[in-house]
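Number of protein chains: 2
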Amino acid sequence: MWKKRTAVAENVYIADTPSFVTEKQAKIAIDYGGIPGDLHFGLTKKAGAREPMYKRGTEIFNRRQISIVSVEECLEIAGRLNIPAVLPEWLGANIALSGLPDLTSLREGSRIVFPSGAYSVERG
Amino acid sequence: MWKKRTAVAENVYIADTPSFVTEKQAKIAIDYGGIPGDLHFGLTKKAGAREPMYKRGTEIFNRRQISIVSVEECLEIAGRLNIPAVLPEWLGANIALSGLPDLTSLREGSRIVFPSGAYSVERG
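Each protein sequence line maps, in turn, to chains Y and G.
First residue of the first sequence: 134, per my numbering; consecutive thereafter.
First residue of the second sequence: 134, per my numbering; consecutive thereafter.
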């Protein structure tokens, strides 16, 4: 049911200001809450407009510690929009991968395991 | 894409011994690590046979804090096995729900929100 595939982390980014937009970094650290220092870091968060099933402000589990985009999909979007590029930074990405041109179609629950042993689980 | 449905928690259970089998309780408490006192409680766990993508013993995020089964599916399984019942306890269930006869077909990422405000996210 699950398939093993290989991808390359081309670039890593963090949002270290209140802006959603991220900035390229030489490297990032990852722990259970995400990337220390990043806007979306945390094991928990306050429920907001994206979680209408909870009263706003309720402490809930953070399902968006890290945002990962596909270099190929960014190129495809740019092509469709007829603009030179869609930068991962503009999407608030923390990691830009190549090798998974169908990243956004991966099944929820898919895991990305990095050589360091760090990993990420797709939560949609 | 997501649908809202209603179910009833018929019974709750914990495994408070090293055995996988659970026992019926009058009530359970739930926090981010699962059910305090339960065998599967914890924000993290050691990787084992179910997580072959990690070296055995590596500390990883716990994706199985709580196990939920459907009363209707237990009945269906019992019928197919031609036995009187399949008890949720035997499956190590922590919560038995009625009203979701297709519980095991729910999409990963589905949320169960309880009247108390507690919730659970399906991680497959």
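Where a beta carbon is used, it is the ideal one built from N, C-alpha and C, also for glycine.
With a CB to CB cut of under 7 Å and the five nearest residues on each side skipped, what residues in its chain are close to residue i?
| i | result |
| --- | --- |
| Leu232 (chain Y) | In the sequence as displayed, the identity of residue 232 (chain Y) is Gly instead of Leu. Counting only Cβ-Cβ distances below 7 Å, and skipping sequence neighbours, we find Thr139, Ala140, Val141. |
| Ala162 (chain Y) | Ile168, Pro169 |
| Ala251 (chain Y) | Ile163 |
| Lys160 (chain G) | Val145 |
By Cβ distance below 8 Å, which residues in the same chain neighbour residue i in space, the five residues on each side in sequence not counted?
| i | result |
| --- | --- |
| Glu209 (chain Y) | Pro234 |
| Ala226 (chain G) | Tyr146, Thr155, Ser200, Ile201, Val202 |
| Asn195 (chain G) | Gly166, Gly167, His173, Gly175, Leu176, Thr177, Lys178 |
| Pro151 (chain Y) | Leu172 |
| Lys188 (chain G) | Ala180 |
| Leu220 (chain Y) | Cys207 |
Under three-state DSSP, which class holds residue i?
| i | result |
| --- | --- |
| Ala162 (chain Y) | coil |
| Ile216 (chain Y) | coil |
| Leu230 (chain Y) | strand |
| Val204 (chain Y) | helix |
| Ala142 (chain G) | strand |
| Gln209 (chain G) | Here residue 209 (chain G) is Glu; the residue named in the question, Gln, does not match the sequence. Of the three classes helix, strand and coil, the one that applies to Glu209 (chain G) here is helix, per DSSP. |
| Glu222 (chain Y) | helix |
| Ser345 (chain Y) | As displayed, chain Y neither begins before 134 nor continues past 257, which places residue 345 (chain Y) out of reach and without an answer. |
Among residues of its own chain, excluding the 5 on either side of residue i, which ones have a beta-carbon nearer than 6 Å to its beta-carbon?
| i | result |
| --- | --- |
| Thr191 (chain G) | Ala180 |
| Glu143 (chain Y) | Val204, Ala229, Ser231 |
| Asp171 (chain Y) | Ile147, Ala148 |
| Ala218 (chain G) | Ala211 |
| Phe153 (chain G) | Gly225 |
With 16 other CB atoms within 10 Å as the buried threshold, where does residue i fall?
| i | result |
| --- | --- |
| Val246 (chain G) | exposed |
| Leu214 (chain G) | exposed |
| Ile216 (chain Y) | exposed |
| Ser249 (chain Y) | exposed |
Our contact map puts residue i next to residue j with C-beta atoms below 8 Å; I'd like the distance itself, whole angstroms only.
| i | j | result |
| --- | --- | --- |
| Glu255 (chain G) | Leu239 (chain G) | 6 Å |
| Glu241 (chain Y) | Glu184 (chain G) | At roughly 17 Å, the Cβ-Cβ gap does not stay under 8 Å, so Glu241 (chain Y) and Glu184 (chain G) are not in contact. |
| Arg197 (chain G) | Met186 (chain Y) | With a Cβ gap of about 22 Å, Arg197 (chain G) and Met186 (chain Y) do not count as contacting. |
Report task. With 8 Å as the C-beta to C-beta threshold (strictly closer), list the residues of the region 171 to 197 of chain Y near chain G in chain order. Result -> Under the 8 Å Cβ criterion, the region 171 to 197 of chain Y contributes Leu176, Thr177, Met186, Tyr187, Lys188, Thr191, Ile193, Phe194, Arg196.
Query - Near-chain Y residues of the region 138 to 170 of chain G - C-beta to any C-beta below 8 Å - result: Tyr165
Query raised in the report: For the region 204 to 232 of chain Y, which residues have a beta carbon sitting closer than 8 Å to at least one beta carbon of chain G?
Result: none
Query raised in the report: At a Cβ cut of 8 Å, what residues of the region 240 to 257 of chain Y count as close to chain G, listed as they run along the chain?
Result: Arg240, Glu241, Gly242, Arg244, Val246, Gly250, Tyr252, Val254, Arg256, Gly257
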